[in-house]
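Chemist: Questions regarding the structure given below will be posed in turn.
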C-alpha cells in the first residue's frame, strides 16, 4: 500500500466473511457533466458494493444542473472522507476530467484507480471479482451489461498499421478467462498507480474521444492490458444503436463527431513518439475512421447532419500535426515507498 498518510489513515471495513479484499488502496474516479440522475444511480450502486472502494473521487465538469446537490446528499451516506468532491470551473471534457480524477486519486494515495463514466452502475461484487486479476495484472477491464441486461459488446484492439482499434476475434477470452488487448475504455478501466507513474496522467487535450484508447495503448507498452470475463458494470444510458454483428454503432453528439476526427492527430503524435507510426497505414486508418462515422450518420442517425463537424475536425487536426511545441504527457514522480 502507498506510503501516503492520507491513505494509511483510512482503513477499509465491511468485507464479507471469507472475502479477501484487493491488495492496495482502490479509488474510484467518476467524471460527470449534467447527468445528475445517472450519477445518483451510480453512487447508490457504489454504496451497495459488498467490497467497498477506499475513496470515490467525483470530478464535476462544471455541471449546471443539480449535480452538486446529489453529491451533497450522498456524501454523508458513506463513511467520513470516502467521497471527494472536485468541481471544476470549466468543462474539460471526459479527458480533462479523468486526468484530474487520476491526479487526485494518486494524491490521496491510490494504488489502483478505477476510471468510470457517470452512466454506469457498479455490480455489488465487482471488487471481489477483480481481486484475483489484480494479483496478476496492472491494467484490467471487466465486462459490462448493456441497458437491456444483455452483454455489452466490447472487443477492441489497436491495429497499429492503421492506428485504429478493431474487433480482434470471434472468441474473445482464452481458457483462463481473459484476453490481452492494447486498447481501453474509461467506462471501467482499472489501472495501477505504478503504470500511471510511467505513462503519465490521461491527456486532457483530447477533450473527448480516443483519450481512453490511447491511454490503454500507452499502458500496453509498459505492461499487459487485459479484458477479463467478469461482469462488473451495467450501462444505464440508452442510446440509439445499430448492431452490425462485428461491432455496435451508437449515435454521437456533434462535439464527439468533431473530436473523433480532430483527435486522430493526437493518436498519430503518440504513435510517432513511440516509433509506431506508419504514415501510409495511419492515413488509411483516418480515412476509414471518417467512413465509419459517415456510416454512423446514415445507419444510426438517418441523415448526413454532422458531416460538417467531421470535416472540420479532420481539418483542424492538421494544426496538431504542425505544432512543433507538442509534447506527450510526462511521466510522474514515483510515489513515496511503503513503510
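In full-length UniProt numbering, the protein residues as written are 1 to 339. Think of the CB as a built atom: it goes at the ideal place given N, C-alpha and C, for glycine as much as any other residue.
1. Which residues in the same chain have their Cβ closer than 8 angstroms to the Cβ of residue 425, if we skip the five residues on either side of it in sequence?
2. Can you list, in chain order, the residues of its chain with a C-beta nearer than 6 angstroms to that of residue 179? Leave out the 5 residues immediately preceding and following it.
3. From residue 328 to residue 252, what distance separates their C-alpha atoms?
4. Going straight from the alpha carbon of residue 307 to that of residue 316, what length do you get?
5. For residue 321, count neighbouring C-beta atoms within 10 Å of its own C-beta (all shown protein chains included) and say buried if the count is 16 or more, exposed if not.
6. Tell me which residue opens and which closes the alpha helix (DSSP H) that residue 314 is part of.
7. I need the straight-line Cα distance from residue 281 to residue 82, nearest angstrom please.
8. Is DSSP giving residue 121 helix, strand or coil here?
9. Which class does residue 265 belong to by DSSP, given the choice of helix, strand or coil?
10. Are the beta-carbon atoms of residue 31 and residue 97 separated by less than 8 angstroms?
11. Could you name each continuous alpha helix (DSSP H) segment of 4 residues or more that falls completely within the stretch 56–88, going from the start of the chain to the end?
12. Could you check what DSSP says for residue 208 in three-state terms: helix, strand or coil?
13. When DSSP builds the beta bridges, which residues end up paired with residue 159?
Modeler: On the basis of the supplied data:
1. Since the first and last residues shown for the chain are 1 and 339, residue 425 lies out of range.
2. For this step, residue 179 is matched to residue 179 along the chain shown. Around residue 179: 172, 173, 227.
3. Numbered from 1 along the chain shown, position 328 holds the residue referred to as residue 328. Numbered from 1 along the chain shown, position 252 holds the residue referred to as residue 252. One C-alpha to the other measures close to 27 angstroms.
4. Locating residue 307 in the chain shown gives position 307, counting from the first residue. Locating residue 316 in the chain shown gives position 316, counting from the first residue. Using only the alpha carbons, I get a separation of about 14 angstroms.
5. As a first step, residue 321 is located in the chain shown; it is residue number 321 there, counting from the start. It counts as exposed.
6. The sequence position of residue 314 within the chain shown is 314, counting from 1. Counting along the chain, the alpha helix (DSSP H) containing residue 314 begins and ends at 307–322.
7. Here residue 281 corresponds to residue number 281 of the chain shown, with the count starting at 1. Here residue 82 corresponds to residue number 82 of the chain shown, with the count starting at 1. A straight-line Cα-Cα distance of about 47 angstroms links residue 281 and residue 82.
8. Locating residue 121 in the chain shown gives position 121, counting from the first residue. It is a strand residue.
9. The count along the chain shown starts at 1 and reaches residue 265 at position 265. Of the three classes helix, strand and coil, the one that applies to residue 265 here is helix, per DSSP.
10. Reading the chain shown from its first residue, position 31 is the one you call residue 31. Reading the chain shown from its first residue, position 97 is the one you call residue 97. The criterion of a C-beta distance shorter than 8 angstroms is satisfied by residue 31 and residue 97.
11. Restricted to the stretch 56–88, the alpha helix (DSSP H) segments that are unbroken, complete and at least 4 residues in length are 67–74, listed in chain order.
12. The residue you call residue 208 lines up with position 208 of the chain shown. Residue 208 falls in the coil class under three-state DSSP.
13. Translated into positions along the chain shown, residue 159 becomes position 159. Here residue 159 is bridged, per DSSP, to 164.
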